[in-house]
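Quick notes on the structure that follows.
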Amino acid sequence: MKKTVKDLALRLKAHFPDIIAEPVEFRGECTCTLLDSNRLHEVAEYLKDQLDFDFLKEATSIDEPDKPLRFTLVYELYSYYHRVQLRLKTSIAEGNGKISSLSDLWASANWQEREIYDLMGIQFENHPDLRRILMWDGYPFHPLRKDFPLEGKASECGVLFTRPAPMEGGPFVTQPGLLDDEDREPRSRTPENKF
Amino acid sequence: MAEIKDFEFEEMGSKSVQPSNAINESLGDVMTLSMGPSHPSMHGVLRFKAEVDGEIFHRITPDIGYLHRGDEKIAENKTWHQFIPYTDRLDYLAPLCNNVAYVMAVEKLLGIADQIPERCQFIRVICCELARISSHLVGIGCFGMDLGALTVFLLAYNEREKVFNLCESLSGARFTTSYTRIGGLSRDLPDGWLGEVNKFCDEVLKAIDDLESFLTRNRIFLDRTEGIGVITKNQAISWGLTGVNLRGSGMDFDLRRDHPYLVYDRLNFDVPVGVKGDCYDRYILRILEMRESVNILRQCVKMIPSGPINIDDPKIMLPTKKRVLTQMEDLIHHFMLATEGINAPAGEVYFGAENPKGELGFYIYSKGGGSPYRLKIRPPSFVSISVMPLMLKGAMLADVPAVIGSLDIVMGECDR
């Protein structure tokens with residue numbers, strides 16, 4: 002029997018009355034908020050196995066530095082059987098433990114959680130391969146945090162420069178930049194003055 | 002007569018039939034190979050770290066992020082309208098589709114989704130389907146080229162050029178169209194444009210026939226795609242594949258039909274579904290989808306009504322220049338829109354559109370005001386690439402171009 006998203010949200014609320022807040026509807030979408038982030042895996046398992054949410058469309062996170070629970074995780078779940086979409090949200094404090102990975106329930110969570118870790122710096126427990134994904138390994142910051150400036154921050158990773166060097170043992174020679182990121186102005190760089 | 006020395010062939014032969022976990026233990030036999038990021042079959046800047054034993058893959062690790070521009074961070078610092086040009090650069094093979102998907106997400110947040118004039122909705126459908134044809138042409142052309150059929154590539158690009166000509170007369174730009182506006186479109190159709198679309202429909206059908214004659218029953222093409230890169234239905238659902246890659250595995254799901262947006266509920270079209278989930282199924286689905294897109298285009302050209310293309314709300318659409326210069330109210334609206342942007346309500350929405358590569362979704366978390374607090378893009382190519390380690394495990398090195406080509410990925414969207 003196919004159900005509406007409101008029915009499914011109320012069933013979730015009935016099964017976890019203490020930790021699921023009242024479902025919120027906005028523009029025809031239903032959002033359930035999980036109050037205890039430690040029980041995320043349990044709730045997600047119920048959503049997947051009992052309520053047929055078999056497709057994790059996306060997982061993402063929101064950074065609100067002025068709130069006590071700084072980070073909010075957002076999961077967009079879709080049920081191919083009921084043909085409805087439900088949003089599950091839960092908040093965690095900064096540096097306050099980890100949140101459990103859902104990659105054992107939905108394989109698509111694997112890379113989505115890596116992206117959250119990379120750009121927002123949230124650690125996931127029991128993740129099979131929690132490495133940076135968009136930024137390079139060893140990059141020190143988490144750029145989607147609100148305290149990261151739009152223009153970026155200088156990091157110690159120097160930039161490599163390649164120039165043609167036919168007389169020095171190869172068609173090209175690559176050497177690290179001598180100046181650090183703050184001093185370097187790319188638009189004024191010419192082969193003569195700065196490498 | 003010298004004694005014929007027996008080289009120990011048996012030992013070498015027995016090595017290759019060892020169970021794979023035994024090879025895993027003796028790492029001496031495994032070589033690490035780096036493919037990309039700059040390689041003709043990588044469809045952009047995708048890199049693989051592959052552990053190969055001879056020509057067999059043990060493990061393959063995609064490495065993405067070479068085209069990361071921080072689009073989501075930029076969106077937080079731009080007004081709603083200013084982000085439209087950035088959506089061109091997501092799936093840069095189908096920019097019109099991205100424009101439509103993004104503005105529809107914002108319109109959903111603003112609560113004006115049901116007020117969009119009918120003519121605008123039809124034009125948006127035409128844009129989406131033109132972009133779909135052009136994207137699939139590139140997808141199939143590059144797929145053919147990666148497998149050695151260069152003629153297919155040239156033929157497909159020839160047709161794609163015609164789509165670009167249509168885009169040019171529609172929006173002024175061939176590639177980075179930025180055609181849509183929140184609440185409407187940047188301009189109405191040029192005179193005689195629909196006739197051009199009809200002409201293009203006839204021509205592209207002939208070209209698709211030609212494409213098919215090169216590939217569909219080509220023995221070499223069949224050998225290299227049938228049974229290669231198989232994803233089962235359950236795997237496809239669990240890994241979150243969407244679009245053609247999902248339907249290729251036998252899942253009958255299309256957002257245009259199952260959650261119709263724009264005027265798709267008034268159009269008749271079929272959703273082709275694959276059986277085996279291999280590279281060949283995904284190829285043939287793209288061919289069939291292009292034919293369906295032509296079908297949709299023809300219906301739209303017949304059904305498109307006349308009338309306004311923008312909603313009549315000066316707090317969302319820029320008022321006309323004449324009104325700005327003659328009326329005080331409109332001057333104020335113009336000033337507010339240009340400096341602060343549309344004042345959106347607080348709330349959160351998700352809108353996903355069926356794009357050529359799969360479902361392109363925008364999740365918007367707004368705290369009110371002229372720009373999003375958080376905008377998350379759900380790129381279909383990101384998901385497609387994440388499945389590759391699964392698809393290529395135990396496959397041959399030469400299967401990589403077939404798998405990448407059949408998944409039809411684009412890195413601008415994956416890396417954002």
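These protein sequence lines map, in sequence, to chains A and B.
The number in the numbering used here is simply the position in the first sequence, starting from 1, with 1 added.
The number in the numbering used here is simply the position in the second sequence, starting from 1, with 1 added.
Note that CB positions come from ideal geometry on N, CA and C, so glycine has one too.
Reference residue i; option with closest CA among the options
i, options, result
"B:VAL401", "B:ARG70, B:PRO63, B:ALA157", "B:PRO63"
"B:VAL404", "B:THR226, B:ASP203, B:SER372", "B:THR226"
"A:GLN86", "A:LEU52, A:ILE93, A:MET2", "A:LEU52"
"B:ARG60", "B:ARG417, B:ASP224, B:GLY395, B:ARG257", "B:GLY395"
"B:ALA76", "B:GLY371, B:MET397, B:LEU361", "B:GLY371"
"B:ILE285", "B:TYR366, B:PHE144, B:LYS323", "B:PHE144"
"A:ARG132", "A:ASP19, A:ARG115, A:GLN124, A:PHE142", "A:ARG115"
"B:ALA208", "B:CYS415, B:GLY369, B:HIS137", "B:HIS137"
"B:ASN166", "B:ILE305, B:PRO191, B:PHE154, B:VAL153", "B:PRO191"
"B:ASP54", "B:ASP409, B:GLY413, B:CYS415, B:MET397", "B:MET397"
"B:GLU290", "B:VAL274, B:ILE312, B:GLU414, B:LEU263", "B:VAL274"
Segment limits, beta strand (DSSP E) that includes residue i
i, result
"B:ARG63", "Looking at the sequence shown, residue 63 of chain B is not Arg but Pro. Counting along the chain, the beta strand (DSSP E) containing B:PRO63 begins and ends at 57–64."
"A:LYS7", "Element bounds for A:LYS7: not the beta strand (DSSP E) but the alpha helix (DSSP H), 6–16."
"B:MET36", "32–36"
"A:ARG133", "Segment: none, A:ARG133 is in no beta strand (DSSP E) and carries neither H nor E."
"B:ASP176", "Checking the sequence shown, residue 176 of chain B turns out to be Phe, not Asp. That residue, B:PHE176, is in no beta strand (DSSP E); it is neither H nor E in DSSP."
"A:ALA60", "56–64"
"B:ASP92", "Unbroken run through B:ASP92: none, as it is neither H nor E."
"B:PHE352", "345–356"
"B:SER387", "Counting along the chain, B:SER387 falls outside any beta strand (DSSP E), though it belongs to the alpha helix (DSSP H) covering 381–387."
Cutoff 7 Å: residue i Cβ touching any chain E Cβ
i, result
"B:TYR262", "The structure shown contains no chain E; its protein chains are A and B."
Heavy atom of the ligand MN within 6 Å of residue i beta-carbon
i, result
"B:GLY193", "Absence of the ligand MN from the depicted structure is noted, as is the absence of any ligand whatsoever, leaving it without description."
Rounded separation between residue i and residue j - CA only
i, j, result
"A:VAL25", "B:ARG218", "53 Å"
"B:GLY241", "A:SER109", "5 Å"
"B:SER27", "B:VAL388", "Legend: pLDDT at B:SER27 = 47, less than 50; position of this residue unreliable, no value from coordinates given."
"B:PRO373", "B:MET252", "34 Å"
"B:ARG426", "B:GLY228", "In the structure as shown, chain B starts at 2 and stops at 417, and residue 426 of chain B therefore has no counterpart that could be examined."
"B:ASP259", "B:GLY140", "25 Å"
"A:LEU151", "B:GLY278", "42 Å"
"B:LEU156", "B:PRO346", "48 Å"
"A:ALA45", "A:LEU13", "10 Å"
"B:ARG90", "B:MET32", "36 Å"
"B:ASN25", "B:GLU56", "For B:ASN25, the predicted structure reports a pLDDT of 48, less than 50, and the residue's modelled location is therefore unreliable. The matter cannot be settled from this model."
"A:VAL6", "B:ARG267", "25 Å"
"A:GLY153", "A:TRP112", "24 Å"
"A:MET136", "B:LEU391", "23 Å"
"B:LYS368", "B:LYS377", "15 Å"
"B:ARG283", "B:ASP72", "29 Å"
"B:ARG287", "A:TYR79", "25 Å"
"A:ASP8", "B:SER294", "36 Å"
"A:HIS83", "A:LYS3", "5 Å"
Residues that residue i contacts on chain A, provided the C-beta gap is smaller than 7 Å
i, result
"B:ASP259", "ARG84"
"B:TRP240", "ALA108, SER109"
"B:GLU73", "LEU145"
Interface partners of residue i on chain B, CB under 7 Å
i, result
"A:SER38", "Ordered by position in chain B, no residue passes the 7 Å Cβ test against A:SER38, which lies about 18 Å from the chain."
"A:THR91", "Residues of chain B passing the Cβ test: none, with the nearest at roughly 14 Å."
"A:ILE123", "Correct list: empty, because the minimum Cβ distance to chain B is about 14 Å."
Enclosing alpha helix (DSSP H) for residue i [first to last residue]
i, result
"A:ASN111", "110–121"
"B:ASP89", "85–89"
"B:PRO96", "96–111"
"B:LYS303", "280–304"
"A:TYR47", "41–50"
"B:ARG220", "220–226"
"A:GLN124", "Looking at the DSSP string, A:GLN124 is not in any alpha helix (DSSP H), and its letter there is neither H nor E."
"B:GLN236", "234–239"
"B:ARG324", "322–327"
Partner residues on chain A for residue i, Cβ-Cβ distance less than 9 Å
i, result
"B:GLY362", "LYS58, GLU59, GLU77"
"B:GLY66", "ASP119, ARG133, ILE134, LEU135, MET136, TRP137"
"B:ASP1", "The requested residue 1 of chain B does not occur in the structure, where chain B is confined to residues 2 to 417."
"B:PHE416", "Per the sequence shown, the amino acid found at residue 416 of chain B is Asp instead of Phe. Ordered by position in chain A, the residues that pass the 9 Å Cβ test against B:ASP416 are LEU135."
Contacts of residue i in chain A (Cβ-Cβ under 8 Å)
i, result
"B:ASN78", "LEU151"
"B:VAL384", "SER109, TRP112"
Under 8 Å from the C-beta of residue i: neighbouring residues of chain B
i, result
"A:THR32", "GLU349"
"A:TYR81", "ILE238, MET252, PHE254"
"A:PHE27", "GLY348, GLU349, VAL350"
Closer than 9 Å at the beta carbon, the chain B residues around residue i
i, result
"A:ARG12", "By Cβ distance, chain B contributes nothing, its closest Cβ being about 21 Å from A:ARG12, past 9 Å."
Open item on the list: For the structure I just gave you, are there three or more beta carbon pairs, one from the segment 47–62 of chain B and one from the segment 333–346 of chain B, closer than 8 Å?
Closed with: no
Task: Three-pair Cβ contact test at 8 Å for the segment 348–359 of chain B versus the segment 77–87 of chain B - done: no
Task: Any 3 or more C-beta pairs closer than 8 Å across the segment 102–119 of chain B and the segment 175–184 of chain B - done: yes
Open item on the list: Does the segment 143–150 of chain B come into contact with the segment 110–125 of chain B, if we say contact requires no fewer than three beta-carbon pairs (one atom in each stretch) closer than 8 Å?
Closed with: no
Task: Inter-stretch contact at 8 Å, needing at least 3 Cβ pairs: the segment 30–50 of chain A / the segment 355–371 of chain B - done: no
Task: Validate contact between the segment 232–250 of chain B and the segment 195–210 of chain B using beta carbons, cut 8 Å, 3 pairs - done: no
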